[in-house]
Amino acid sequence: MTETSPNLPVSTPTSPSQVPAAEPKPAISTITRDHVPIIKKRIVVCCDGTWQDGLEVQSSKFTNVLRLARSVNYQGCEKDQSIVQVVFYQSGVGTDDSLYSHYVDGATGASLSEKVQEAYGFIAHNYQPGDEGTVFLIDGRPDPINPKPINYQGAYTARMVAMLIGEIGVLDRKDMNHFADIFITYLELGKCDTDAEKNRLKSQLSKWSDQISKGRERADPDGDDFTIKCIGVFDTVCALGLPGGLSVNPATRSLFGFSDNLLGKHIERAYHALALNETRADFNVAKFEQTEEGKKRGQKLIQCWFTGAHSDIGGGYEHHDLADLTLGWMTAQVSDILSLDTAYLSSLGEPVAPWGKQLPHDSRSGIFCIARAIQRQLPSLGTLSSEWIHSSVLEQAELNPLLKELLEKTPALVCDLMPLETELKAGWLYKEDSDNVRSYRKRSTTESALNNSNSQNRLSFGARLGNTIRLIIGKKGASKNERNWLSETFSTSISSPVSQPSSPVTRRVKGLA
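First residue of the sequence shown: 1, per UniProt numbering; consecutive thereafter.
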């Protein structure tokens, strides 16, 4: 016999054929245009990291951002009303069909500003007052068998877009004509040194950044001060992500750098997956820090640590158990505000180890074997960074001694699984004799041999560095590249062993040397 609440009426069971399922009505905003109610929608922006283009890789190497983009249902539900969900997927820096773009843009971030403008432009062109904005970003990843010099800018792009929305709101079509000038002025503001210059640039921006500017009022029609519903990022790193010996000119770091890690008070929710096993100093994590004002407004921040190096967190490896965990966590966090096809997400799993037990990849391989090693600062309770440790970490055979000591002293740092994560864990289909597991074991053996070789040759490799690419970006975006062994390596690697005329692209890359 079924129990019923004493406060609720008991309904008479009926056949589905007798009462057709009621479809949710479209969510109608109270805002009107020409007295016609506007139908609300959710705008979801998904930006991949450097050298990541989900349209050109096999499914086993899909990044989490591509999986999220493809899992977004065409419409969701809000208060029993349907709401359209519009998705924008953006490939990463250095994915244009050109070797120059692949190596130079990918290694220096020369087209990062274009990606930021493109993502913001999509929001501005599709937004109407009353819509919800959700931003997901992800970083790139190095191939452990064929490593290349990579930086990681997906999450950086997300935070730049979020910063712009916080500063100028969402411009309308007419005001977007000024966006390029606005963007360049913000870049100049980020690198100027004198107060007089800063004040001059801020004065130029005041028309757009003032609290009562059209863009800011347009982005916050209900006056709750939240202009972005949610931002989700995967292991944002502080720098552009090249080893110290290969880093770009300091002016470039300043140009694209964050002034701080404060979470904008205009963001309602923020979720950040962090890598416990990333040891490269140039990839130290840029944690969000919540302001007291944001906390008082009811802003929600969760930053969760997972097993893995930087690229294990965002996905892209052929064997991606660890990325599946971060994807499941992110999905669970946003499932109440974003309608996702969880069945599709579940179908992408190809476990190579029991739940939580895959070993992290070694990020200090290839060109990164020279990277200076550090231990990332572990979390503590009661801070404005709101950090936790995912329970899957406890499944690892070995833990870092410092982490093990922290967990013994502060077990409350370990967060419980959310219902969706529990469901995904129950459906974790690990088969020890599967072809995928055998492939993983074989590849792990190869990677181990390569990593040992990297360790032995680290000093001699570092001695070859010499001068490196230094991208000097002026006020107008002009660039100058100095002679360096890295560009010579690029031109050598793309030269055919058979004598034949060089293509325009080949000549362009060779011209760097």
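Glycine included, each C-beta is placed from N, C-alpha and C at the ideal position.
Candidates the options, of which the one nearest residue i by Cα
i           : options            : result
residue 265 : 278, 229, 272      : 229
residue 234 : 440, 407, 64       : 64
residue 291 : 282, 301, 285      : 301
residue 113 : 159, 342, 133      : 159
residue 323 : 273, 416, 236      : 273
residue 289 : 436, 280, 314, 383 : 383
residue 347 : 293, 440, 327      : 327
residue 124 : 82, 81, 78, 177    : 177
residue 214 : 198, 174, 197, 199 : 174
residue 342 : 44, 41, 62, 67     : 67
residue 87  : 435, 287, 126      : 126
residue 423 : 436, 43, 355, 314  : 355
residue 310 : 337, 163, 275, 198 : 275
residue 69  : 268, 181, 45       : 45
residue 170 : 196, 197, 212, 195 : 212
residue 439 : 295, 318, 181, 299 : 318
residue 293 : 161, 371, 286, 268 : 268
Spatial distance of residue i from residue j (CA atoms)
i           : j           : result
residue 335 : residue 206 : 37 Å
residue 425 : residue 312 : 18 Å
residue 344 : residue 362 : 29 Å
residue 284 : residue 39  : 43 Å
residue 128 : residue 316 : 34 Å
residue 193 : residue 377 : 30 Å
residue 190 : residue 201 : 10 Å
residue 277 : residue 204 : 44 Å
residue 508 : residue 282 : Residue placement at residue 508 is flagged as unreliable, the pLDDT there being 30, under the threshold of 50; a coordinate-derived value is accordingly withheld.
residue 261 : residue 231 : 14 Å
residue 297 : residue 393 : 32 Å
residue 270 : residue 405 : 28 Å
residue 236 : residue 80  : 36 Å
residue 365 : residue 444 : 13 Å
residue 130 : residue 117 : 22 Å
residue 163 : residue 441 : 43 Å
residue 360 : residue 353 : 12 Å
residue 368 : residue 408 : 33 Å
residue 514 : residue 197 : Residue 514 lies beyond the range of the chain shown here (1 to 513); nothing can be said about it.
residue 132 : residue 172 : 16 Å
residue 179 : residue 358 : 45 Å
residue 217 : residue 199 : 24 Å
residue 295 : residue 412 : 21 Å
residue 338 : residue 195 : 43 Å
residue 82  : residue 43  : 14 Å
Contacting residues, own chain, Cβ-Cβ under 8 Å from residue i (five flanking each side not counted)
i           : result
residue 410 : 380, 381
residue 375 : 279, 400, 402
residue 385 : 287, 288, 289, 290, 301, 303, 379
residue 225 : 265, 266, 297
As assigned by DSSP and simplified to three states, the class of residue i
i           : result
residue 178 : helix
residue 415 : strand
residue 380 : coil
residue 364 : coil
residue 63  : strand
residue 273 : strand
residue 328 : helix
residue 262 : strand
residue 219 : helix
residue 373 : strand
residue 88  : strand
residue 390 : strand
residue 355 : coil
residue 122 : helix
residue 348 : coil
residue 425 : helix
Contacting residues, own chain, Cβ-Cβ under 7 Å from residue i (five flanking each side not counted)
i           : result
residue 209 : 167, 168
residue 418 : 332
residue 115 : 47, 90, 93, 157
residue 329 : 273, 304, 390, 421
residue 351 : 321, 428, 429, 430
residue 222 : none
Nonlocal neighbours in the same chain, by C-beta distance under 6 Å from residue i, ignoring five residues either side
i           : result
residue 227 : 165, 219, 220, 266
residue 320 : none
residue 396 : 307
residue 415 : 388
residue 84  : 41, 75
residue 121 : none
residue 349 : 324
residue 373 : 279
Distance cut-off 6 Å: residue i Cβ against heavy atoms of the ligand COA
i           : result
residue 404 : Absence of the ligand COA from the depicted structure is noted, as is the absence of any ligand whatsoever, leaving it without description.
Quiz item: Within the chosen definition, does the segment 385–395 reach the segment 295–315 through at least 3 CB pairs nearer than 8 Å?
Solution: yes
Practice problem: Give a yes or no on contact between the segment 65–76 and the segment 176–192, applying the rule of three or more CB pairs nearer than 8 Å. | Solution: no
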